[in-house]
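Structure record follows, encoded as structure tokens.
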Amino acid sequence: MKHLSVLTAAFLAATPLMAKDSSDPIKLTLHDWSGQLITTTLMGEVLKKAGNNVEYLQADYIAQFAGLKTGDLHLAMEIWETTGREALDEAVGTGNVINMGETGMIAIEEWWYPAYMEERCPGLPDWKALNDCAQEFATAETAPLGRYLGAPVTWGGFDDERVEALGMDFEVVHAGTDAALFAELEAAYQRKDPIVLWVYAPHWALTKYEGSFVEFPPYSVECYNDPSVGMNVDAAYDCGKPTGPIWKAAWSGLPDQWPNAAKTIGNFNISNDDMSAMVADVDLNGKSVDDVVAAWMADNEATWQSWIAQ
Amino acid sequence: MSGFARHITRSRLFWAVLFLATWVLSQFSFQIYKALDARWIIRFPKKYQLNFDVVVGDFMDWLVNTANFWLFTFRDMTRAIAWVIEIPYQFLRNLLIEGFQTGIGDTAVQIMPSLSWIAVIGIVIAIGQFARDWSLAALSGTCFLYLAVFGQWESAMITLASVLVAVPIGAIGGLLLGILAYRVHWVELLLRPILDLMQTVPVFAYLVPILILFGFGPVAALVATVIYAMPPMIRVTIVALKGVPKELLEAGRMMGATQRQMTWKVLVPSATPTLMVGANQVIMLTLNMVIIASMIGAGGLGFDVLASLRRLDIGGGIEAGLAIVVMAIALDRTSQAFSERRMMHARSGTFLNRHPWTSATLVIVVGTFLLGLLIPAVQTYPEVLTISTGTFWSSTMEWINVNFFDTLDALKTMLLKGVLLPVKKFFVGIPWLWGIFVTGLIAWRIAGWKLGVIAALMMAFIAASGLWGKAMVTLYLCGVSVFIAVLIGTPLGIWAAQKPKAGRVILAVMDTLQTLPSFVYLIPVVMLFRVGDFSAMIAVVLYALAPAVRYAAHGIREVPPQLLEAGRMAGCTPRQLLWRVKLPLAMPQLLLGLNQTIMLALSMLVITALVGTRDLGQEVYIALTKANAGQGIVAGLSVAFIAIIADRIVHALSDTQKQRLGL
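Residue numbers (my numbering), protein chains in the order written: chain A, 754 to 1063; chain B, 504 to 1166.
What follows is the structure in structure tokens.
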């Protein structure tokens, strides 16, 4: 169904420059993590500057696709390649949702450990060194295996397969939610207890806690698809995780109703570093999302002005 | 007498043999499978698996996308309903927080600001005084002041707007359906299973279809809330109307009342106190839904709780969570006061004399409106004056975590190895075929052959949907949690009943635990006990404790005083009085408490999935995040079936006890 979005893009290019946007509000979705609130608020504020009306609506990350398909919702600003791709592809496949391109941010996901573990496990961040001190990470439930706290099962990630393929002495325990994942990290960090878990970026945790990602054999498409590639010739997933862009997704009617806004949305682009700084300001320094976004807009006027379609 | 004793032993023998057989089969199911080379013993064969989820999914697709009544589609109808609900909701939102304006975006012009915070508190105080007295007015005024002082005002008003729409719909809708069921017998028969499902199918299971049908946003959340909160009102209405004394009905008929007059002039007024209990339940359940509703666009306090906890701001989560609690307290006490309120004679005199409260409130509303134009602090509570617990809770948590983790961890390991894991092994090991048979057998033995057949069929549905393993994990987790909750809750309830002072504190704590969103304490629990079954168990116990305590207290208090007197005359010590008189007589109530504890434990399942359990709750949650309506509904039905079987069995036990006691 990729040609469909190409078609829309072609249609977009053909719209006369003077096309007027509808004065109806564009409905942007808000989720429950600060990074997404910032991205969405920034987009909304820029659209307001461009003369559009916007409305923010709270919606669940995956459930929102139902609303995007029917046109109840118009724009979702953060669909992660790593966790949302499946739902996005499915929605785009129906022809009612279009992919509005990358946000400029790159999602990273990998096993992560706090810095104080480097003393106890010499050789980190190499994964073999991690495996050699798996004992350090063992708990009553997992002993003699080490305990690795994985992401919620719905996020995928193939950690169970990875442990198997690389012959690691770890047991994968799945957290139920994002909040539970970082609650455990916070608790372990306070006690300086051993922990290795799934962390993703951009996220405030990387600003708050010192530590590094584990280095696995580098990811390749073949490694995931072809068992013979990689160090274990009989198994796939014997390598690290892929990184991927964070996408923008919109209701397919958006470019028709708000042609200029669609271009502005397409132009929206922001780096991981800018984003991380803003997220840290909100989550760690306790500033409000609106203030942080306003400050960024004041400092980077040229950047967001260039997004607005002329 | 000897016959009675023999009966007991025979019955005990039956249960002992049944348990032993189950235990042996569970322990050696794996060996049996290996010995007979019959894998179907432990796993339901894949090729016979019925794809209910696909069937249900297709049906939902059809309902949502193509079903039509010639002139309009099913979705048009639901969208129209959504549009109707949206009108009062938007009005309240404008009134309470957003203000009225015309135009949108840059061209918006404000016509009228929203009610000022002082005006809202004034109205709440006036209602409190009107409903009962000054102490209630002070209580609810303080509750709302908390919202302003702790900076929760804006979110709280959004939540209040949805509560003020959902509660009347739930209460009035429930009342009408209840009246219909009272009048028409087959409606009651039809409603009974539907009500069971509405109360036991986890909300997550039907969120996705609701979103599609009612559109994204607050209205869909309102609809889900009403579905969840209405059933108690219907049930209470039926019971209340059936409880209206015969003489009253007779009197009404003799006066020549029409059916309509009978309903509205005789039945409903005389049942009002009981009906208010139902309305009260609707309010509490509506507030219970605040968190889940915020996940699909209701916003408000629930959203604040979720967002705070995602950045591990425990203090922020507790403050927003407590805001839900104080709002529940204010609404609950006020509605209770209304239910106990006596009719008063109309006052006479001028409008001012007749309506002192309405007039005073009007003065406050208009006064703050005018003042608010000059002084913004009157309109909106000034941000500089808000206070916050800041890092207090996080620091406390850190202190506990650093100093007591090892002790808690040792305790946890002990309980895990001693109780949780063996029980889990027992349940998970039961071969599915035996499990179906044994459930039917238990139900038959306790509640008759009809329930036996139904229970066996329900368990077969679960097995045939390929959910047997997850259902057994569910049984184990709920079983252990309910056991612990009853173990802690019953003594607490007895204590509360014996010592009224301690009782007040205990019951207040229970109220808080029930209305405080479980997410608030789930995160600290995970910090101390890590992700896993143990954390899930603690969360379930905390949530399900309240009914065990309440029913125990209620049961002990309701023991007839003559019997206590008789006990004392016979020379019972207080201890004997408790064990020999009060407890046996309170048994039916204790069993009802057990029943409610089981129901609440099951309804917490979806929340436990958030800390990584692998039960039916997780199945429902996965279905939600993948927007798979069929999978969600099948898993939700499985939870509901377990709940229904448990409910019927415990009710039958309670009835037998009542008969034996001659109550």
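All C-beta atoms, glycine included, are put in the ideal place defined by N, C-alpha and C.
Candidates the options: which alpha carbon is nearest residue i's?
i, options, result
"A:V967", "A:P980, A:W951, A:T960, A:K945", "A:W951"
"B:F555", "B:D1158, B:A634, B:S1141, B:Q1162", "B:S1141"
"B:T1100", "B:R1053, B:K1085, B:M1072", "B:R1053"
"A:M858", "A:N1025, A:L826, A:L828, A:T892", "A:N1025"
"B:G870", "B:A622, B:A651, B:V557", "B:A622"
"A:V1022", "A:S1059, A:S1041, A:P875", "The sequence given here has Asn at residue 1022 of chain A, not Val. Among A:S1059, A:S1041, A:P875, the Cα nearest to that of A:N1022 belongs to A:S1059."
"B:L876", "B:V866, B:S617, B:L790", "B:S617"
"B:M1107", "B:D807, B:A1047, B:S797", "B:A1047"
"A:Y972", "A:A1014, A:M984, A:D946", "A:M984"
"A:A1051", "A:T782, A:K802, A:P897", "A:K802"
"A:P897", "A:L1007, A:G903, A:C886", "A:C886"
"B:W656", "B:G1133, B:F531, B:E601, B:M736", "B:E601"
"B:T837", "B:L788, B:A629, B:N904", "B:A629"
"B:H1154", "B:P1091, B:G1135, B:V742, B:I1136", "B:P1091"
Please check the pair residue i and residue j, which I expect to be a contact at CB under 8 Å, by giving their CB distance rounded to whole angstroms.
i, j, result
"A:W833", "A:I999", "5 Å"
"B:L1088", "B:L1066", "7 Å"
"B:V956", "B:T525", "The pair is not a contact, with the Cβ atoms about 20 Å apart (cut-off 8 Å)."
"A:V949", "A:Y866", "5 Å"
Between which two residues does the beta strand (DSSP E) containing residue i stretch?
i, result
"A:P867", "850-867"
"A:L783", "779-783"
"A:F966", "964-966"
"B:P885", "It is not in any beta strand (DSSP E) - B:P885 carries neither H nor E in the DSSP assignment."
"A:P998", "997-1004"
"A:A829", "828-833"
"B:M758", "Premise fails: B:M758 is in no beta strand (DSSP E) and is neither H nor E."
"A:E808", "807-811"
"A:Q1010", "Unbroken run through A:Q1010 is the alpha helix (DSSP H), 1007-1010; no beta strand (DSSP E)."
"B:V785", "Looking at the DSSP string, B:V785 is not in any beta strand (DSSP E); the run it does join, the alpha helix (DSSP H), is 771-791."
"B:F929", "It is not in any beta strand (DSSP E) - B:F929 instead sits in the alpha helix (DSSP H) that spans 924-932."
"A:L902", "899-903"
"B:I614", "612-615"
"B:T605", "603-605"
"A:V925", "923-927"
For residue i, count the other beta carbons within 10 Å of its own beta carbon; 16 or more makes it buried, fewer makes it exposed. Which is it?
i, result
"B:R1151", "buried"
"B:W902", "exposed"
"A:N978", "exposed"
"A:Y942", "buried"
"A:S981", "exposed"
"B:Q613", "exposed"
"B:Q1162", "exposed"
"B:Y551", "exposed"
"B:H688", "exposed"
"A:R900", "buried"
"B:P1077", "exposed"
"A:V1046", "buried"
"B:N1098", "buried"
"B:G1035", "buried"
"A:L760", "In this prediction, A:L760 has a pLDDT of 46, which is less than 50 and means its spatial position is unreliable; nothing more can be read from the coordinates."
"B:I1136", "buried"
"A:N1038", "exposed"
Return the first residue and the last residue of the alpha helix (DSSP H) that residue i is part of.
i, result
"A:L950", "Looking at the DSSP string, A:L950 is not in any alpha helix (DSSP H); the run it does join, the beta strand (DSSP E), is 949-954."
"B:H1154", "1132-1164"
"B:F1022", "1021-1032"
"B:R596", "577-596"
"A:Y977", "974-978"
"B:Q1121", "1119-1128"
Name the chain D residues whose beta carbon is nearer than 9 Å to that of residue i?
i, result
"B:F806", "Absent here is chain D; the protein component of the structure consists of chains A and B."
- Query: If you pair each beta-carbon of the stretch 1020-1034 of chain B with each one of the stretch 926-945 of chain A, do three or more pairs fall below 8 Å?
  - Reply: Pairwise C-beta distances place the stretch 1020-1034 of chain B in contact with the stretch 926-945 of chain A, as three or more of them are shorter than 8 Å.
- Task: Evaluate the contact criterion for the stretch 810-827 of chain B versus the stretch 889-896 of chain B: three or more CB pairs, one atom per stretch, below 8 Å.
- Result: The stretch 810-827 of chain B, when compared against the stretch 889-896 of chain B, does touch it at the 8 Å Cβ threshold.
- Task: Pair every Cβ in the stretch 877-886 of chain B with every Cβ in the stretch 636-643 of chain B, then say whether three or more of these pairs are closer than 8 Å.
- Result: With the cut-off at 8 Å, the stretch 877-886 of chain B and the stretch 636-643 of chain B do not touch.
- Message: Could you check whether the stretch 1110-1120 of chain B touches the stretch 1034-1041 of chain B, counting it as contact only if at least three pairs of C-beta atoms, one from each stretch, sit closer than 8 Å?
- Response: Cβ pair count under 8 Å is three or more, so yes.
- Query: Is the stretch 676-692 of chain B close to the stretch 727-737 of chain B, with three or more CB pairs under 8 Å?
  - Reply: Verdict: yes, contact present.
- Message: I want to know whether the stretch 922-935 of chain B touches the stretch 976-993 of chain B - three or more CB-CB distances under 8 Å.
- Response: Cβ pair count under 8 Å is three or more, so yes.
- Message: Any contact between the stretch 714-732 of chain B and the stretch 579-587 of chain B? By contact I mean 3 or more CB pairs, one from each, below 8 Å.
- Response: The answer is yes - the stretch 579-587 of chain B touches the stretch 714-732 of chain B, with three or more Cβ pairs under 8 Å.
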